[in-house]
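Okay, so the sequence shown: first residue is 106 according to our numbering, each after it adds one. Below is one structure, written out as structure tokens; comments come after it.
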Amino acid sequence: MNALKASLLALAALAFPALAADPPRCKLVRIVEWPVQFHRDVPIIEGSINGTRISVLLDTGAEVSLLTKTTAEKLGLYARSTQEVLVGVGGESRMLVAWIDELRIGGAVRKGMRVRVGGERPLAGDFILGDDFFKEHDLEFDYAKGVVRLFQPVDCKGVFLAYWDSNALQLPMENETGIVVPIKVNGRAARALLDSGASASLVDLSLAAKVGITPETAGVASSGCGYGLGADTVPSWVARFDTVALGGQTIRDPRLHIADHLGKRAYGSDVPPEVILGTDFLRAHRVLVSRSQRRVYFSYLGGQIFPATPSLECDDSAKAKSAGEALAAYDQSIAKNSSDTKTLLRRATLRASQDDASGALSDLDAVIRAEPGNAAALRLRAEMRATLKNYEGALADTAAAIANGMRSAPMYILRAMLRHAQGDHVRAIEEYDEALKLDPRHQGALRARGRHLFYAGRFEAAESDYTILLAARPNGYDSIWLSLSRSRRGLDGNAALEEGIAKLKDGEWPAPILRYLSGRLSREDLIAAMASTDDKKRNSQECEARFFMAARLITDGHDSAARPLLEKARDECPRNYIEYEAALVELAKLK
């Protein structure tokens, strides 16, 4: 990977200004800033191998960088076996090596290189960029802005490097192998690995047992399967702890996953860390890992730090069967023991996946009669009841699930969607408020709340939500709604439109709508921009264009001219389009 590192350093000198942490002596020279997206709740950036696009997982918990076996096979690469074995979560994986002509990661390019190949299961990324790469840089996780930054410090020995927050907390790093820091769990000292490739934080079973928590402890619930480099799955549970403390921050009453996740060799160390701090921790903080100083700086940004919730018990054996075979096996098992709640819940989950809501409900009713506090069953029954339009029953189930450990942003988002289905926009906003207390930067919740706030005429609040969204990730539609929110308040919305246009490629939809709203494109030219696309695209684009043309007319005080456009959007837009719903709302206001 040395040539790739050199490529990034060269890129830095050309593209990025220096950031002064303590001018004029110390400088953090920014090497690169990568926009990240989250897939399976872990950070992914774009890359390519031999011209084929791949996803790159940023994984500080992986000791070495590698290409997954699944991706090597998909790309048709010849991978030669070696005598080396890679060890990680889920066991061992025989290391292979392959030759690739070109690897691109971000703006860096490496020609002609040998790469490790490993992994017994498909992983969240095609290429795993591991700690062998990251240990050469200072690394910042700024997920509030949707980016990861690499720095090269110059003359910064002993200088406080958290340039964004003079009150940022600090932790010493243990050594150069992994990002390992001190932590206390229920007052007991332990070691934690900062693992950007882990979707959720967890406590090893050995440490949990030392503070009196096991899978059999009252209140501990299953939280599904974990997996990693090896072929085996790792069952996990969720448990409530008293405190987690690190660097002066104390988190009270957290719920964390517990698992035998860190077997003796899981992270290539004879003494593995007892705690993993994963993406959930990083999303609630801004973090700078200074390998040059062997320190970690971090600031809490708000929200729920450890959002672990119960889920279906780990059962990897069912994946080897077809749906029909699995259902037959469940039927046979339940015929022998009708009170087997674990199998009933598995059958309900399978029936739900097969769109058999009534069958799933029958099983779930039986589970909940036997175990009224089974949060996973309550959550699934809420979804099935919603499918059958029993919204009050679904709301009751979500409330019970939250009371039994399922308190998370996704649960309140589900409740908001149920309120929305009832036509109660005011209470939908209240549910989104609760979701955003737990996850202040949840893009789905911000976007939906912003829209509901706009419908309610709370344009300033809607503007705030769309501003937060756009700070994290450019989106043409968010730029439109931000502009409309400002315009409805009598402010100039064109700046938001111009910024949105700048982020879109030439001809990319919805750029023509942004240009029309900004006055740079006539109505006739907007219609012409849709005429060159295929029928399916043209129909969807016409739906969107009609609504936003009407929205501009309403902003300009031309309600009568807006009405026919809104009526056409109401009549011809697909029922699952935002513009269909928005047209109904605007028409109701015009009456």
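Note that CB positions come from ideal geometry on N, CA and C, so glycine has one too.
Determine the DSSP secondary structure at residue i, reduced to helix, strand or coil.
i: Lys216; result: strand
i: Ala561; result: coil
i: His525; result: helix
i: Val264; result: coil
i: Pro148; result: strand
i: Lys289; result: strand
i: Lys240; result: coil
i: Leu255; result: strand
i: Phe232; result: strand
i: Leu276; result: strand
i: Leu334; result: coil
i: Trp586; result: helix
i: Arg209; result: strand
i: Pro140; result: strand
i: Asp385; result: helix
i: Ile573; result: helix
i: His700; result: Outside the displayed range of the chain (106 to 696) lies residue 700, so it cannot be described from this structure.
i: Arg520; result: helix
i: Leu609; result: coil
i: His366; result: coil
i: Thr322; result: coil
i: Gln188; result: strand
i: Val472; result: helix
i: Asp127; result: Any answer about Asp127 is weak, because its pLDDT of 49 lies below 50 and its placement is not dependable; what the coordinates show is given next. Residue state, collapsed to three classes: strand.
i: Ala499; result: helix
i: Arg296; result: strand
i: Ala350; result: strand
Whose CA, out of the options, lies closest to the CA of residue i?
i: Ala656; options: Ser645, Thr187 and Tyr685; result: Tyr685
i: Arg221; options: Leu201, Leu228, Ser153 and Ile210; result: Leu201
i: Val137; options: Thr157, Phe653, Ala213 and Val169; result: Ala213
i: Leu619; options: Ser588, Asp640 and Asn644; result: Ser588
i: Ala650; options: Arg474, Ala465 and Arg628; result: Arg628
i: Ser623; options: Glu613, Leu609, Ala273 and Leu602; result: Leu602
i: Val141; options: Cys131, Val161, Leu133 and Leu351; result: Val161
i: Arg532; options: Ile284, Lys542, His557 and Arg546; result: His557
i: Thr157; options: Leu172, Leu180 and Glu647; result: Leu180
i: Trp269; options: His390, Thr572 and Ala457; result: His390
i: Tyr332; options: Ala350, Leu351 and His366; result: His366
Alpha carbon to alpha carbon, what distance is there between residue j and residue i?
i: Pro669; j: Ala514; result: 39 Å
i: Gly510; j: Thr414; result: 6 Å
i: Asn479; j: Leu450; result: 10 Å
i: Lys694; j: Leu519; result: 27 Å
i: Thr503; j: Ala295; result: 35 Å
i: Pro258; j: Tyr402; result: 14 Å
i: Ile159; j: Ala313; result: 38 Å
i: Arg209; j: Thr175; result: 19 Å
i: Tyr183; j: Arg219; result: 11 Å
i: Asp445; j: Pro148; result: 39 Å
i: Asp127; j: Asp664; result: At Asp127, the pLDDT of 49 sits below 50, so the modelled position is not reliable; the number obtained from the coordinates is stated separately. C-alpha separation (whole angstroms): 56 Å.
i: Pro679; j: Ala688; result: 12 Å
i: Gly383; j: Asp146; result: 10 Å
i: Glu178; j: Ile205; result: 13 Å
i: Phe411; j: Leu298; result: 15 Å
i: His547; j: Trp586; result: 17 Å
i: Gly230; j: Ser341; result: 22 Å
i: Gly263; j: Val394; result: 14 Å
i: Arg226; j: His362; result: 22 Å
i: Asp385; j: Leu574; result: 19 Å
i: Asn681; j: Val690; result: 14 Å
i: Gln188; j: Leu163; result: 26 Å
Below 8 Å on the Cβ atoms is my contact criterion, and I expect residue i with residue j to pass it. Report the Cβ-Cβ distance as a whole number of Å.
i: Ile356; j: Ser306; result: Not really, about 10 Å apart at Cβ, beyond 8 Å.
i: Glu245; j: Phe256; result: 7 Å
i: Val343; j: Cys330; result: The Cβ separation is near 13 Å, so there is no contact.
i: Gln275; j: Arg130; result: Not quite, the Cβ-Cβ distance comes to about 20 Å (not below 8 Å), so this is no contact.
i: Asp300; j: Glu379; result: Contact doesn't hold; Cβ gap of about 13 Å is too wide.
i: Ala600; j: Leu609; result: At roughly 15 Å, the Cβ-Cβ gap does not stay under 8 Å, so Ala600 and Leu609 are not in contact.
i: Pro561; j: His525; result: According to the sequence as given, residue 561 is Ala; it is not Pro. With a Cβ gap of about 12 Å, Ala561 and His525 do not count as contacting.
i: Gly335; j: Pro545; result: Actually they are not in contact, since the Cβ atoms of Gly335 and Pro545 sit about 36 Å apart, beyond 8 Å.
Tell me, which residues are paired with residue i by DSSP?
i: Glu225; result: None; Glu225 has no bridge partner.
i: Lys132; result: Val259
i: Phe653; result: In DSSP, Phe653 forms no bridge with anything.
i: Val394; result: Leu244 and Val401
i: Pro669; result: DSSP lists no partner for Pro669.
i: Leu361; result: Ala344
i: Leu171; result: Ile233
i: Ser198; result: Leu191
For the ligand NAP, any of its heavy atoms closer than 8 Å to the Cβ of residue i?
i: Ala526; result: The ligand NAP is not part of the structure shown, which contains no ligands of any sort.
Of all the CB atoms in chain B, is at least one closer than 9 Å to the CB of residue i?
i: Val202; result: In the structure shown, chain B cannot be found, because there is only a single protein chain.
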